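Engineer: First residue of the sequence shown? That's 140 in the numbering used here, and the numbers climb one at a time after it. Right, I'll just put the structure down here and ask away after.
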Amino acid sequence: MYILLNKELKYIFNSVSTILFSTLFLLICGCLLWLIPGHYNIPENGFSSISSFFELAPILLLILIPALSMRTFSEEKKQGTLDLLYTRPVNLAEIILSKYLAVLISVCIVLIPTIIYVISIYSGAIPKGNIDLGAILGSYISLIILSSGFIAISVFASSLTSNQISAFITGLLICSFFYYGFDLIAGLFLSGKIQYYIKETGFLSHYQSGQNGVINVFDLCYPLIISALFLFLAAYFLKPQKKKIFIYISVCIISLFLTSLFKTEIDLTSDKRYTISNTVKSLLKEIKSPVEIECYLDGDLNPGFYLLQKNCIDMLNKFGNLSSGNIAYRLVNPNKAGREFIEILDEKGIRGTVVNEKNQEGKTTQQIIYPWLLLKYNDKELPVSLLINETGKSGEENLNASIESLEYQLAVGLKTITQNTARKIVFLQGHNELNESELADIFDNLSYNYQVDMGYLSNDMNLPQLNEYELIVVAGPKSPFSESEKFLLDQYVMSGGKILWLINGVKLNPIAFSEAGASPSMVNEINLEDMLFGYGIKINPVLLEDTQCAEIPVNTNPGSPNPEFMPASWYFAPILNPVSNTMITKGISFVKTEFASTLSFTGKPDSRKKRQVLLQSSDYSATVRVPEMISLHEINRSPDKMYFNQKNLPVAALLEGCFSSAFNNRPVPGNIKNHKLISSVEYNKMIVIASENVIKNEITGTGKDTQIWPLGYDRYMKIQFGNTDFILNSISYLTDDAGISALKTKKLSLKLLDKIKINENLTKYQLINILLPASIVLILFFANKILRRIRYSKIQ
140 MYILLNKELK YIFNSVSTIL FSTLFLLICG CLLWLIPGHY NIPENGFSSI SSFFELAPIL
200 LLILIPALSM RTFSEEKKQG TLDLLYTRPV NLAEIILSKY LAVLISVCIV LIPTIIYVIS
260 IYSGAIPKGN IDLGAILGSY ISLIILSSGF IAISVFASSL TSNQISAFIT GLLICSFFYY
320 GFDLIAGLFL SGKIQYYIKE TGFLSHYQSG QNGVINVFDL CYPLIISALF LFLAAYFLKP
380 QKKKIFIYIS VCIISLFLTS LFKTEIDLTS DKRYTISNTV KSLLKEIKSP VEIECYLDGD
440 LNPGFYLLQK NCIDMLNKFG NLSSGNIAYR LVNPNKAGRE FIEILDEKGI RGTVVNEKNQ
500 EGKTTQQIIY PWLLLKYNDK ELPVSLLINE TGKSGEENLN ASIESLEYQL AVGLKTITQN
560 TARKIVFLQG HNELNESELA DIFDNLSYNY QVDMGYLSND MNLPQLNEYE LIVVAGPKSP
620 FSESEKFLLD QYVMSGGKIL WLINGVKLNP IAFSEAGASP SMVNEINLED MLFGYGIKIN
680 PVLLEDTQCA EIPVNTNPGS PNPEFMPASW YFAPILNPVS NTMITKGISF VKTEFASTLS
740 FTGKPDSRKK RQVLLQSSDY SATVRVPEMI SLHEINRSPD KMYFNQKNLP VAALLEGCFS
800 SAFNNRPVPG NIKNHKLISS VEYNKMIVIA SENVIKNEIT GTGKDTQIWP LGYDRYMKIQ
860 FGNTDFILNS ISYLTDDAGI SALKTKKLSL KLLDKIKINE NLTKYQLINI LLPASIVLIL
920 FFANKILRRI RYSKIQ
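Put into structure tokens, the structure is as follows:
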């Protein structure tokens, strides 16, 4: 067989058509990826990834591979050399396999110069080398496996005819059908399940899974088994043997079934984002009693929700295996269970989602689905939502985010329902903090997972009592803390306790502002400034103004019995941007507040402490220093860029790492007895928010007419902002000792190109990536020609 393979390789490398198609393949790739603007252009996209190459390559290989394979048997048939081969001491399997491997090796050689793209992106990334080589390796493996399927089909097409053009066209059509055709057929069906299984019959879905950097056994085996099937068919058409072809097809079908049972995956990504984390594995091993899970995402689902269901079931199966069978699930279709069952779900907070779909006739149909799980453990139940619905994102983006978050959502649900003791949080009182009514909505959201208390430091709480709480929330104090109270809070932090600070840097007179539309502003002195400064942060005594702000109704016809209200921008009610690269702010919408201040980090950067901005202003913001009269007349200010000349001012930040006590080298307050000072803590974390309004819900009416509005809901704009999600995420992160919150960042990390470097050297990058790969192939071709001439001249 080696002799046959050597013969085929020589024929391919000495063919002008081979060098022509190979050079065109690399030139077209280079131009589309580096020169021509559009979807595939790498410098234009700005990401240090060659995913666009792996999108483009199969399209071009659909032409290149049939072109390389078209002569494998058709030329032998045309020249009559195939019958001569049969007389040699080789069998048909060796002949077919040698031709198949020769084309496969040729394709691999053509793909090798594309590594220049990887090298270029590696050098142009921020920082240099910030590229996921594991994901790229997985993509190359998937591309080669896909190519093997195309080659087998093209060799089969060549076995059908003695005409190379006919072989090329036949191979091109069958390859295109196996790559695109099944997806097109799947679109004819409304059932997501039918669509899924039809798509799984083609190459595209198996190839795309490898582009994530995860190598799945079935996705690897499927194209190889299809390749074997077409090679068997080629053998049948060359030498018909009905009994053998029946056996071969049966073997292929059985192999497909057996490999589909294997769920083994190899995660090649650099951060192992598709591997179940050790934190979750430990959590699952600790579950000693059975957890029953009902999945209500069932029924005739569209393709997007069916994919969410499939990924959810796969995740539940993984969790079940890792928990030694303590997790069991079943699918329940609420629409079939009846109206009474749906009403029971509604009482538990499980509500349907309306999905609008267009049928083949263009008519819109509505369907109610339930993307929820219900976890049952002993006598407890916990609903878990599977669907993330982020404002401003498309349905497809939200579904992808939902699939990415499955491990996190399930882990949080399991940890919550299986914990034996209630986790305790205390909201401090005694310094004019927000009251229970102003915190009512967040209390309702927290009460499901935590025991929420309100407490007074000075009267009824000492350090041992404080240490019973996982988290202290200081929400909107307006009067000073005593030194004793500060000492208790400081030593609570040094003991490992977590604090969520929500403190305004400035205070106003709310009664004067509501009655007269104006109020003087002054510094909010609460005697915590020195302690926070020592921890590494300062709440600035300023008020934030932002052109990205809420609107308020303003009477444009004052004094008239028929007032007319028009919307006006209220710059003191900024709508804050979540910083998207943190696990706390991932997936949340904008956060609304009012009369917010800003933050500044203090001290020199320290490798032992992480400082991360969570919420910030827009690109057009300004600050007002106090004392200053704050008036509704501010709505008349035009959004002048000369005034709003500051950007990305931090309003919320995370501090994480080593903290030193604010009472080091200071006397312990006199009324604190029998307590040894803890001078530092090696690791702790706290969050500081320079606005109480981030956690404060709106209240309207009095007495029986009192209405408590959801946190973050703007009644006038009729928009629900992301305040609740932000506060819940912050508390979840601070109280999460197991590290489950880190699962929220298990997604493709943003890897960017250095656009300045790329643009300054764009011509060089274009020349290297367009000309060099094609030049390498041409050099190999001409080197082969020269060596061949030298070899033949020596023989002569």
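Built from N, CA and C at the ideal position, the CB exists for glycine as well. Just so we're clear, the structure is a prediction, and the values are computed from it rather than from any experiment.
1. Given a threshold of 16 other Cβ atoms within 10 Å of its Cβ, counted over all protein chains shown, does G219 qualify as buried or as exposed?
2. Taking only runs that begin and end inside the stretch 686–727, name each unbroken beta strand (DSSP E) of 3 or more residues, in chain order.
3. Would you please state the rounded distance, in angstroms, between the beta carbons of L639 and S869? I believe it to be under 8 Å.
4. Would you kindly report the start and end of the unbroken beta strand (DSSP E) that includes S281?
5. What do you get for L512, buried or exposed, if any count of 16 or more other CB atoms within 10 angstroms of its CB means buried?
6. With distances taken between CB atoms, is the gap from S190 to S281 smaller than 9 Å?
7. Note the first and the last residue of the continuous beta strand (DSSP E) segment covering I102.
8. With burial defined as no fewer than 16 other Cβ atoms inside 10 Å of the residue's Cβ, what is the status of T157: buried or exposed?
9. On the premise that F295 lies in contact with Y318, defined as a C-beta separation below 8 Å, what is that separation, rounded to the nearest angstrom?
10. Extract the residue ranges of the alpha helix (DSSP H) inside the stretch 403–440, only unbroken runs of 4 or more that lie entirely within it.
11. List the endpoints of the continuous beta strand (DSSP E) containing N355.
12. Kindly indicate the opening and closing residues of the beta strand (DSSP E) around K749.
13. To which residues of the same chain is K743 closer than 7 Å at the C-beta, ignoring the five residues directly before and after it?
14. Quick check on M670: does DSSP put it in helix, strand or coil?
15. Does L440 pass the burial test, meaning 16 or more other C-beta atoms within 10 Å, or should it be called exposed?
16. Where A264 and V257 are concerned, what is the direct C-alpha to C-alpha distance, given to the nearest angstrom?
17. Spell out the partners DSSP gives P659 in its beta bridges.
18. Going straight from the alpha carbon of S161 to that of L327, what length do you get?
19. Hey, which unbroken runs of the beta strand (DSSP E) at 3 residues or more fall wholly within the stretch 569–610?
20. Between the C-alpha atoms of S739 and V632, what's the straight-line distance to the nearest angstrom?
21. Sort I847, N701, Q687 and G796 by Cα distance to L788 and report the nearest one.
22. L514 and L545 look like a contact to me (Cβ under 8 Å); what is the Cβ gap, rounded to whole Å?
23. I need the DSSP call for E684, collapsed to helix, strand or coil.
24. In the DSSP assignment, what residue or residues form a beta bridge with I508?
25. Based on the DSSP secondary-structure assignment, which residues constitute the bridge partners of G796?
26. Locate the beta strand (DSSP E) running through Y319, then write down its first and last residues.
27. Evaluate contact between the stretch 902–920 and the stretch 239–257, counting only Cβ atoms and requiring at least three cross-stretch pairs below 8 Å.
28. Would you list the one or two residues that DSSP bridges to R469?
29. May I have the straight-line CA-CA distance separating N495 from L538, to the nearest angstrom?
30. Jot down the residue ranges of each uninterrupted alpha helix (DSSP H) in the stretch 837–879, minimum 4 residues, whole runs only, in chain order.
31. Using the Cα positions of L159 and G459, report the straight-line distance between them to the nearest angstrom.
32. Determine the DSSP secondary structure at L892, reduced to helix, strand or coil.
33. Do I811 and F626 have their beta-carbon atoms positioned less than 9 Å apart in this structure?
34. What did DSSP end up calling E520 once you bin it into helix, strand or coil?
35. Taking the continuous alpha helix (DSSP H) assigned at V551, which residues delimit it?
36. Hey, F152 and L199: beta-carbon distance below 9 Å or not?
Structural biologist: If we stick to the structure as given:
1. Counting from one through the sequence shown, the residue named residue 219 turns up at place 80. The residue is exposed, with fewer than 16 neighbouring Cβ atoms inside 10 Å.
2. Segments of the beta strand (DSSP E) lying fully in the stretch 686–727: 688–694 and 704–717.
3. To locate residue 639, count along the sequence shown from 1; it is residue 500. To locate residue 869, count along the sequence shown from 1; it is residue 730. Going by Cβ atoms, the distance from L639 to S869 rounds to 6 Å, so yes, they are a contact pair.
4. Looking up residue 281 in the sequence shown gives position 142. Counting along the chain, S281 sits inside no beta strand (DSSP E); it lies in the alpha helix (DSSP H) bounded by residues L272 to S298.
5. Numbered from 1 along the sequence shown, position 373 holds the residue referred to as residue 512. Looking at its Cβ environment, which holds 16 or more other Cβ atoms inside 10 Å, L512 is buried.
6. As a working mapping, residue 190 is identified with position 51 in the sequence shown. As a working mapping, residue 281 is identified with position 142 in the sequence shown. Taking 9 Å as the Cβ cut-off, S190 and S281 do not qualify as a contacting pair.
7. The question about residue 102 has no answer, for the chain in this structure spans 140 to 935.
8. The residue labelled residue 157 in the question sits at position 18 within the sequence shown. In summary, T157 is buried, with 16 or more beta-carbon neighbours lying within 10 Å of its beta-carbon over all protein chains present.
9. The residue labelled residue 318 in the question sits at position 179 within the sequence shown. The residue labelled residue 295 in the question sits at position 156 within the sequence shown. With a Cβ gap of about 15 Å, Y318 and F295 do not count as contacting.
10. Correct list: 417–424.
11. As a first step, residue 355 is located in the sequence shown; it is residue number 216 there, counting from the start. Counting along the chain, the beta strand (DSSP E) containing N355 begins and ends at V353 to N355.
12. Position 610 of the sequence shown, counting from 1, holds the residue named residue 749. From DSSP, the beta strand (DSSP E) with K749 extends over K748 to Q755.
13. One-based indexing of the sequence shown puts residue 743 at position 604. Hits under 7 Å: none found.
14. The residue given as residue 670 occupies position 531 in the sequence shown. Here M670 carries a helix assignment [DSSP, helix/strand/coil].
15. On the sequence shown, position 301 is the one that residue 440 refers to. The residue is buried, with at least 16 neighbouring Cβ atoms inside 10 Å.
16. Taking the first residue of the sequence shown as position 1, residue 264 is located at position 125. Taking the first residue of the sequence shown as position 1, residue 257 is located at position 118. Roughly 10 Å separates the two Cα atoms.
17. On the sequence shown, residue 659 is found 520 positions in, with the first residue counted as 1. BP columns for P659 point to M768.
18. The residue given as residue 161 occupies position 22 in the sequence shown. The residue given as residue 327 occupies position 188 in the sequence shown. Pairing S161 with L327, the inter-Cα distance amounts to about 36 Å.
19. For the stretch 569–610, whole beta strand (DSSP E) runs of length 3 or above, ordered along the chain, are 589–595.
20. Taking the first residue of the sequence shown as 1, we reach residue 739 at position 600. Taking the first residue of the sequence shown as 1, we reach residue 632 at position 493. Looking at the backbone, the Cα of S739 and that of V632 are separated by about 20 Å.
21. The residue you call residue 788 lines up with position 649 of the sequence shown. Selection I847, N701, Q687 and G796 evaluated against L788 yields Q687 as nearest (Cα-Cα).
22. Within the sequence shown, residue 514 is the residue found at index 375, counting from 1. Within the sequence shown, residue 545 is the residue found at index 406, counting from 1. That pair is no contact at about 14 Å.
23. In the sequence shown, residue 684 corresponds to position 545, counting from 1. In this structure, DSSP gives E684 an extended state, which the three-state scheme calls strand.
24. Within the sequence shown, residue 508 is the residue found at index 369, counting from 1. I508 pairs with T492.
25. As a working mapping, residue 796 is identified with position 657 in the sequence shown. Answer is K748 and N823.
26. Within the sequence shown, residue 319 is the residue found at index 180, counting from 1. Premise fails: Y319 is in no beta strand (DSSP E) and is neither H nor E.
27. Touching, yes.
28. Reading the sequence shown from its first residue, position 330 is the one you call residue 469. E433, per the DSSP bridge assignment.
29. Position 356 of the sequence shown, counted from the start, is the residue given in the question as residue 495. Position 399 of the sequence shown, counted from the start, is the residue given in the question as residue 538. Rounded to the nearest whole angstrom, the C-alpha separation of N495 and L538 is 15 Å.
30. Within the stretch 837–879, the complete alpha helix (DSSP H) segments at least 4 residues long are 862–873, listed from N- to C-terminus.
31. By 1-based counting over the sequence shown, the position of residue 159 is 20. By 1-based counting over the sequence shown, the position of residue 459 is 320. Approximately 54 Å between the Cα atoms of the pair.
32. For this step, residue 892 is matched to residue 753 along the sequence shown. DSSP places L892 in strand when its eight states are reduced to three.
33. Position 487 of the sequence shown holds residue 626. Position 672 of the sequence shown holds residue 811. In contact: F626 and I811 (Cβ atoms closer than 9 Å).
34. Locating residue 520 in the sequence shown gives position 381, where the first residue counts as 1. DSSP places E520 in strand when its eight states are reduced to three.
35. Position 412 of the sequence shown holds residue 551. For V551, the uninterrupted alpha helix (DSSP H) segment begins and ends at L545 to T557.
36. Position 13 of the sequence shown, counted from the first residue, corresponds to residue 152. Position 60 of the sequence shown, counted from the first residue, corresponds to residue 199. Going by beta carbons, F152 and L199 fall outside the 9 Å limit.
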